[in-house]
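Note sheet for the following structure.
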Amino acid sequence: MTFKESNQVTGKKFNKIACIGAGVIGHSWATLFSMKGYTVHIQDINDEIIQRSLQWIKTALNLCAEKGLITKRDAENAFDRVKSTTDMSEAVSEADYIVESVFEDYDVKKKVFREIDSVASEEAIIASSSSYLLMTEIQKVTKRPQRCIEAHPYNPPHLIPLVEIVPGIATSKTTVTHTVNLMKSLGKIPIVTKKEVYGYIANRLQRGLTREANDIVNSGVASVEDVDKALSVGPGIRWAIYGSYLVNYFNTPSHLTQGKKLPGLVKEGYKEYSLLKGKSFDDMVRWRDSKLIDVLRVLKHLPKSSTEQPLS
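Right, here's the structure in full:
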């Protein structure tokens, strides 16, 4: 992602953002929006939580400046754009886009959505950072279900590009479009689900992996540290570039070209895979290896040149 200030969104202009819930996810959203030039109101139930969140935001902005993503002046200006309050009405009354990041519980989220709905402008979009729950259930308590949507980030939102856009049954196509465009303007990579399912996409994949990891550790096969190491220096390096379906492509290209052993929708999905179109297997191998070398050098598993030694 790039972090140049910009608050222009194709089709709709957003000026003020409200982040309801100032915890781990909420403060990170606020960090991202402030870096992109937005005025952001963070809201939570007490001053202690808010002060902790403001410190987290300042720390995150300073680290981004230290790493060269933004300048020191950019970080200072971004922090100045962050406002805080315990009052819901003050936080959301002038907001164009409101993102809720409270506890993962239907009753809690419904209570917050109901309160937001009662004081927010009629045109405001209300998004949830929920990582598992269904918007169809949450939006029932509002008078604007068509403007309610899930935008599930991967933690930390101000750094990880993925955001899963999950419409509820009453969510309008316009709300989906505006949310996708807003996320793209922030430098994020949105994926819109074709249907609602608990856990969406990435978390379902991650939970399956976690179940297997726990079984390996509890069966005495390997330690917690070695399981993490196996992932981080093995498949994790590939996953920084491509996912499970391209892993299968590189491992068994003949199955893909001949259509063997592939379920119907998966087989069709390979035909629609944009990265594969117009490229031979040799082209893709060159692309893969070039990307892997770049990643390995960043992680310092490979030397920058033939005279430098890699880190052990």
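Residue numbers for the sequence shown follow our numbering, beginning at 15 and rising by one.
Idealized CB from N, CA, C, for every residue including glycine.
Note that the structure is predicted; figures quoted are calculated from it, not measured.
Going by beta carbons, Gly283 and Tyr259 fall inside the 9 Å limit. Contact check between the segment 134-143 and the segment 102-113: three or more CB pairs, one atom from each, fall below 8 Å, which counts as touching.
The criterion of a C-beta distance shorter than 9 Å is not satisfied by Thr100 and His55. Around the beta carbon of Arg300, a 10 Å sphere encloses fewer than 16 other beta carbons of the protein chains shown; the residue is thus reported as exposed. DSSP, reduced to helix, strand and coil, places Lys97 within a strand of the structure shown. Approximately 6 Å separates the beta-carbon atoms of Glu151 and Tyr120; this is inside 8 Å, confirming the contact. In this structure, the straight-line span from the alpha carbon of Arg252 to that of Phe28 is close to 36 Å. For the pair Pro175 and Pro204, the Cα-to-Cα distance works out to about 8 Å. Straight-line spacing of the CA atoms in Val106 and Ile31 works out to 8 Å. Take the alpha-carbon of Leu310 and the one of Ala244: they are about 15 Å apart. Cα atoms of Asn76 and Asp296: separation of roughly 43 Å, rounded to the nearest angstrom.
Residue environment for Leu196: buried (at least 16 other C-beta atoms within 10 angstroms of its C-beta). Sorting Thr45, Pro249, Ala184 by C-alpha distance to the C-alpha of Gln220 places Pro249 at the top. Per DSSP, reduced to three states, the secondary structure at Lys291 is coil, with no helix or strand assignment.
Look at Tyr263 here: in three-state DSSP terms it is helix. A distance below 6 Å between beta-carbons, with the five flanking residues on each side excluded, links Lys97 to the following residues of its chain, in chain order: His55. The C-alpha of Ser48 lies about 23 Å from the C-alpha of Arg161.
Scanning Ala44, Asp303, Lys50 for the CA closest to the CA of Thr85 turns up Lys50. Look at Tyr111 here: in three-state DSSP terms it is strand.
Restricting attention to Ile163, Asp94, Thr185, Phe117, the CA atom closest to the CA of Leu68 is found in Asp94. Cβ-Cβ separation between Asp58 and Gly35: approximately 6 Å, consistent with a contact (criterion under 8 Å).
At a Cβ-Cβ threshold of 9 Å, Pro181 and Ile39 do not count as neighbours. In the DSSP assignment, Glu239 falls within the unbroken alpha helix (DSSP H) covering 238-246.
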